[in-house]
Amino acid sequence: MNIERLVAMANDISRYFAAEPDPVAGAIGIADHLKRFWEPGMRKQIVAHLATGGEGMEPLAKKGVERLMEIDSKLRA
Amino acid sequence: MLSIVEIDRGTPAVLSDRQVTLEIDGRSIRVPEGTSVMRAASQAGVNIPKLCATDMLDAFGSCRLCLVEIEGRKGYPASCTTSVAEGMKVSTQTPKLAEIRRGVMELYISDHPLDCLTCPANGHCELQDMAGVVGLREVRYGYDGANHVLAKTRTGTDNPHFSAKDESNPYFTFDPSKCIVCSRCVRACDEVQGTFALTIQGRGFDSKVAASQDNPFLDSECVSCGACVQACPTATLSEKSLIERGQAEHSVVTTCAYCGVGCSFRAEMQGEEIVRMVPNKDGQANHGHSCVKGRFAIGYATHPDRIHTPMIRQKITDPWRIASWDEAIAHVASEFKRLQQQYGKFSVGGITSSRCTNEETYLVQKLVRAGFGNNNVDTCARVCHSPTGYGLKATLGESAGTQDFDSVEYTDVMLVIGANPTDAHPVFGSQMKRRLRAGAKLIVVDPRRIDLVRTPHVKADYHLKLRPGTNVAVLDALAHVIVTEGWVNEAFVASRCEQPAFEKWRAFVAQEKHSPEAMEEETGVPAAMIRGAARLYATGGNAAIYYGLGVTEHSQGSTAVMAIANLAMATGNIGREGVGVNPLRGQNNVQGSCDMGSFPHEFPGYRHVSDATVRASFEQAWGVPLHDEPGLRIPNMFEAAIDGQFKGLYIEGEDIAQSDPNTQHVTAALEAMECVVVQDLFLNETAKYAHVFLPGCSFLEKDGTFTNAERRVSRVRKVMEPRSGHADWEVTQRLANAMGYPMNYRHPSEIMDEIARLTPTFRGVSFDKIDRLGSIQWPCNEEHPAGTPVMHVDEFVRGKGRFMLTEYVPTSEKVNSAYPLILTTGRILSQYNVGAQTRRTANVMWHDEDRLEIHPHDAEERGISEGDWVGIESRAGQTVLRASISERMQPGVVYTTFHFPGSGANVITTENSDWATNCPEYKVTAVQVTRVNQPSQWQKRYQAFSQAQQALLDAAETP
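So the protein lines, in turn, are chains A and B.
Going by this note's numbering, the first residue of the first sequence is number 596, and it counts up by one from there.
Going by this note's numbering, the first residue of the second sequence is number -17, and it counts up by one from there.
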């Protein structure tokens, strides 16, 4: 899928969770959201994009996707 | 003319804790205090003659027919305006009353034509009935004198009292010569509809009913709801369909297939032909009222554009080939199997319809999950109310509105945000207006001056005219005032909500940056107005929030829904009558399609596909393993199609090529697929890109249920056989069987039984029970066997209510010098959604094209006059519409509707979407508007493409 679109969507999500005073909680929120609502192929793509530098991703979005890699067993398989 | 089957008790029912016993013609009857003698008599089985009284309207006391004698009282009081009293003794038939009534009737008939046998109301005319019951045998006054009946006087000159029949309205006629000036039409327009378009003009014998300033009905303020036609006791106001066909011989109760109000109707039938639709007085959502769409705009169901046979083609440039059902179904199954073999299990999916029944929606998602073996199923709620699902689930624990419509009768303050009920939910809009006329306060949050802001006898206390895209800023500012000025309902919050989340939220909204003053520049709303509105909402008594797509269709749609729930929880305005959070759903079955598991991440009943227990229950019932990961949402499907990964789509009753944003992106995605299957009434915009067309059914041709905005599940009943031979649920079932996944339902009631078995909130729902109760509001289960009008009463569905942080994040869709205006979109009363139905009715007489509304200041700057062609350009595309200059808009904001495909409203809208749900940001698009003299490039291409597709259809129809 168009990676710019996925990056934009991930950034949109991170801007919501930016209100969270605890940045770790924000990253957890992003990861949970991605896990619950993104189809696995999209998750794999954003994870791969981050692995290659994550161009265009905002810092909290990156943190969220890092967290996603930790909690999402499907991505490791 | 009233319904052919309903009983009219003359005055409305009264609710009272106290009962009164009285005697009427020797019969003892006990009724609530405040009931009229007329109604009490009717309930005792005694019919008092009447003409100006009907139980949809307050008593008026003008016709002098319903007079009675009451022991110990002088004279002959009108039974409609006289309330019952303990021990009262009433006589309804005495020689004196008979004499008075005959005298009154003689006068009525002396100025009424005697053409009963050829009159449309013959046999069902209340005037005729009354002449009969009073025993009128003679009319001593001829037509020689003044009358309203004859066009000419005896001497051949024009009769000054005569008015010709007004046939301007496409759906009903007004024949003043038959009018008895009972005022029922005028009162229906005032009391029921709240438009105040009709009046009694003149005095004494000159009195006559007039629309607006004695205009033809079509040119008047009349909104053609038909309440006057229904109320008319004679044939003065008559449906044209009734005049053409004659009266119905039977009547079937069903549910309207237009907006989310879900009005109950009696389809009055002659065999399989509809004579007229009459709103059902027992209808729990509409109480006998309707709008111009539901009552009149049903002609699409029998329109010649409907396609009745399946069709197939290899490429979208090929002519259509008519196919048998067997061939078409086998073709789709083999194509989808081929695609899954070639491109993988996840390369196909389906879209369920908010216009179809619960049972049909359930079957499509079941076909996708169990038959296709993936979760690539979505519904049009993606583009309207998906943020409601997300936001209310997160805060309150259930993805639905909290109240029934009648709850508004106990509301003291209404906060209407991003909704235009008088256009989009007209019957509930009328109920709101009624409550507002009775004194409830009103706060409107909307960039436009919607009708509710100022309408007869209604004026908003606050109109917060915010800039599009700043809902969350305004909601946070309202919350800031409530928290910092001490309006929080501490007791409610302490007992009902999660404390840590509340404390975090309180600290969050209390920050100075959320104050009305700090937000003023961003929102454009004066801080004092926000403060006043917040105080009114928090302290004005029962406060209820009503919202629509102006809340959800934003980049922060879900955030705004959560901010709304936060406000309701903080002020304790939830869990009882008169309060709550009420999403006004767009289409008839948006609530139902969401309930039925149409979202790619949820099984029926809003349960995530990763929940192993829930999944196991479906696996056991459906007999196949189910995927535990969310599937593709509609916009994801488009992306995947353009990437070449998504190849086949089964679309039931949706028109994504017109309704979804960034049309050119959508059509590119459709063109990239190998098998697009469209099941619809018409060759809609999406079907022009389809490879298989399966003819669908109108709501008149099938059995099932719809669920309206108040979670009310109502029956849809078949009144005619499916034109195509198969109801939509049967088509899905045949497709499943052909795909190798067996389905063997014999009737939609069996599908509902399965839904009830598998969905806790539907456990107690069945067709039998709905037939018994009229309708059922879910949750309906062991605890609430008759359903649940008000939710979250003692505790929230999720246990404790959860406050969510709602930071205002400005949209990335910003105005600049190239695109200096904000375009926002919406709908209009006479048209519905993509217009596929209403465009094919006489409703086009009110709205035959989408126009661009623009403020006079913006128009003048660009040299634009009323009716000029203007180009509207955004980052996504360009289209051309005619301009309409309007001060309803604020400077800097333009507005259009999206009811006509050629308008290309969605060519301009972008792919920006809600962060949580990808609901498109329809309501905010930065545009430039310029005068032009020709259609846009897209419109020219669209025109050519549509003509070519029509030719390919015509080629199929003439083998």
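Where a beta carbon is used, it is the ideal one built from N, C-alpha and C, also for glycine.
Computed from a prediction, not measured in an experiment: that's the story for all the values here.
Collapsed DSSP secondary structure at residue i in the structure displayed
i: ASP140/B; result: strand
i: TYR325/B; result: helix
i: ILE810/B; result: coil
i: CYS171/B; result: helix
i: MET664/A; result: helix
i: PRO301/B; result: coil
i: ALA908/B; result: strand
i: ALA35/B; result: coil
i: PRO941/B; result: Note that PRO941/B scores a pLDDT of 47, beneath 50, so its modelled location is shaky and nothing firm can be said.
i: GLY411/B; result: helix
i: ASN564/B; result: strand
i: ARG610/A; result: helix
i: PRO742/B; result: helix
i: LYS639/A; result: helix
i: SER918/B; result: coil
i: SER895/B; result: strand
i: ALA500/B; result: helix
i: ARG21/B; result: helix
i: GLN266/B; result: coil
i: HIS766/B; result: coil
Exposure of residue i, with buried meaning 16 or more beta-carbon neighbours within 10 Å
i: PHE620/B; result: buried
i: ASN570/B; result: buried
i: ALA542/B; result: buried
i: PRO607/B; result: exposed
i: GLU53/B; result: exposed
i: GLY253/B; result: exposed
i: LYS275/B; result: buried
i: GLU221/B; result: buried
i: PRO582/B; result: buried
i: VAL698/B; result: buried
i: HIS881/B; result: buried
i: PRO301/B; result: exposed
i: VAL775/B; result: exposed
i: ALA363/B; result: buried
Start and end residues, beta strand (DSSP E) containing residue i
i: GLY532/B; result: Looking at the DSSP string, GLY532/B is not in any beta strand (DSSP E); the run it does join, the alpha helix (DSSP H), is 531 to 534.
i: GLU221/B; result: 219 to 221
i: PHE600/B; result: That residue, PHE600/B, is in no beta strand (DSSP E); its alpha helix (DSSP H) goes 594 to 604.
i: CYS657/B; result: 657 to 662
i: THR689/B; result: 686 to 689
i: TYR153/B; result: Segment: none, TYR153/B is in no beta strand (DSSP E) and carries neither H nor E.
i: LEU200/B; result: Premise fails: LEU200/B is in no beta strand (DSSP E) and is neither H nor E.
i: GLY331/B; result: 330 to 334
i: SER233/B; result: 232 to 237
i: PRO14/B; result: 9 to 14
i: TYR632/B; result: 630 to 634
Residues that residue i bridges to, as DSSP identifies them
i: LEU446/B; result: VAL427/B
i: TRP851/B; result: ARG864/B
i: GLN759/B; result: ARG694/B
i: ILE625/A; result: Answer is none; ILE625/A lacks a bridge partner.
i: ASP830/B; result: Partner(s): none; ASP830/B has no beta bridge.
i: MET871/B; result: Beta-bridge pairing links MET871/B to no other residue.
Element boundaries [alpha helix (DSSP H), containing residue i]
i: ASP840/B; result: 838 to 843
i: ARG517/B; result: 509 to 521
i: ILE638/B; result: 638 to 641
i: LYS486/B; result: 481 to 492
i: ILE280/B; result: Taken as a continuous stretch (DSSP letters only), ILE280/B belongs to no alpha helix (DSSP H), as it is neither H nor E.
Chain E contact residues for residue i, given Cβ-Cβ distances below 9 Å
i: PHE490/B; result: Here the protein chains are A and B, and chain E is not one of them.
Segment contact flag, the region 833 to 847 of chain B with the region 432 to 444 of chain B, C-beta cutoff 8 Å, min 3 pairs:
Touching, no, given that fewer than three Cβ pairs across the two stretches are closer than 8 Å.
Between the region 36 to 52 of chain B and the region 166 to 180 of chain B, are three or more C-beta pairs nearer than 8 Å?
A contact exists between the region 36 to 52 of chain B and the region 166 to 180 of chain B.
Could you check whether the region 358 to 368 of chain B touches the region 525 to 544 of chain B, counting it as contact only if at least three pairs of C-beta atoms, one from each stretch, sit closer than 8 Å?
Yes: the two stretches touch, three or more of their Cβ pairs being nearer than 8 Å.
Would the region 237 to 248 of chain B count as touching the region 142 to 150 of chain B if we require 3 or more Cβ pairs under 8 Å?
Contact fails: fewer than three Cβ-Cβ distances are below 8 Å.
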